[in-house]
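Enquirer: Before I ask anything, here is the structure I am working with.
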Amino acid sequence: MAAIEKTYSMIKPDAVRDRKVGEIISRIERSGLTIERMELAYVTVEQADENYKHLKDKPFYPNLIAFMTGGPVVKMVISGLGAVAKMRSLMGATNPLEAAPGTIRGDFAIDVNSNVIHGSDSVENAEREIKLFFGE
Ligand code: IDP
Ligand code: MG
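All residue numbers for the sequence shown refer to the working numbering, where the first residue is 42 and numbers rise by one.
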């Protein structure tokens, strides 16, 4: 039985630039999840480093940090039954080439370098990311 939990998500700079915010938010709401907090803001280099520290050794890491700090994102705290897994399934696979049609990445993203949306992968990481991006 799924519990009510919180997750952290952000609409990435590519999707904000391309005016996809409204469509993405309506999918989240339509799924039954609740947007508890939402803010348009720039991610700092420090926040991007912390959020993606598991990828520090990857060749694409410098590009990832530049991409994530290169324009505003929409930061969100989202709550609901099984919110972490539900957001991950709404988002689709990390690589948009593998993301199913009907998922956010499957429908809006072109390649893995700019894949439209972030979502926490566990309840523990969600708590950490909410503190990192909303500061509490
Ligand atoms: P996730 O965003 O689905 O949780 P992670 O493996 O945590 O996937 O990777 C974080 C982010 O790093 C991805 O969303 C994507 O922006 C970027 N990324 C992951 N793998 C690649 C890659 O192979 N090339 C370029 N960017 C990547
Ligand atoms: Mg991840």
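For glycine and all other residues, C-beta sits at the position ideal for the given N, C-alpha and C.
All values derive from a computational prediction rather than experimental measurement.
#1: Express the C-alpha separation of Gly73 and Ala44 in angstroms, rounding to a whole number.
#2: Quick one: is Ala107 near chain D, going by C-beta distance under 7 Å?
#3: What distance in whole Å lies between the Cβ atoms of Glu168 and Ser120, which are believed to be in contact at a cut-off of 8 Å?
#4: Is there contact between the stretch 106-126 and the stretch 153-169, where contact requires at least three CB pairs shorter than 8 Å?
#5: Residues in the same chain with beta-carbon distance under 8 Å from Asp162, minus the five sequence neighbours each way, listed in chain order, please.
#6: Candidates Gly133, Arg58, Asp152 and Gly176: which alpha carbon is nearest Gly68's?
Expert: In short:
#1: Counting from one through the sequence shown, the residue named residue 44 turns up at place 3. Counting from one through the sequence shown, the residue named residue 73 turns up at place 32. In this structure, the CA atom of Ala44 is about 14 Å from the CA atom of Gly73.
#2: Here chain D cannot be found, since the structure has a single protein chain.
#3: For the purposes of this step, residue 120 is taken as the residue at position 79 of the sequence shown. For the purposes of this step, residue 168 is taken as the residue at position 127 of the sequence shown. Ser120 to Glu168, Cβ: 12 Å. No contact.
#4: Short answer: they touch.
#5: What you label residue 162 is simply residue 121 of the sequence shown in a count that begins at 1. If we look at Asp162 and ignore the five residues flanking it on each side, its Cβ neighbours are Val125 and Arg129.
#6: By one-based count along the sequence shown, residue 68 stands at place 27. Note that residue 68 is Arg in the sequence shown, not Gly. Checking every option, the nearest Cα to that of Arg68 belongs to Gly133.
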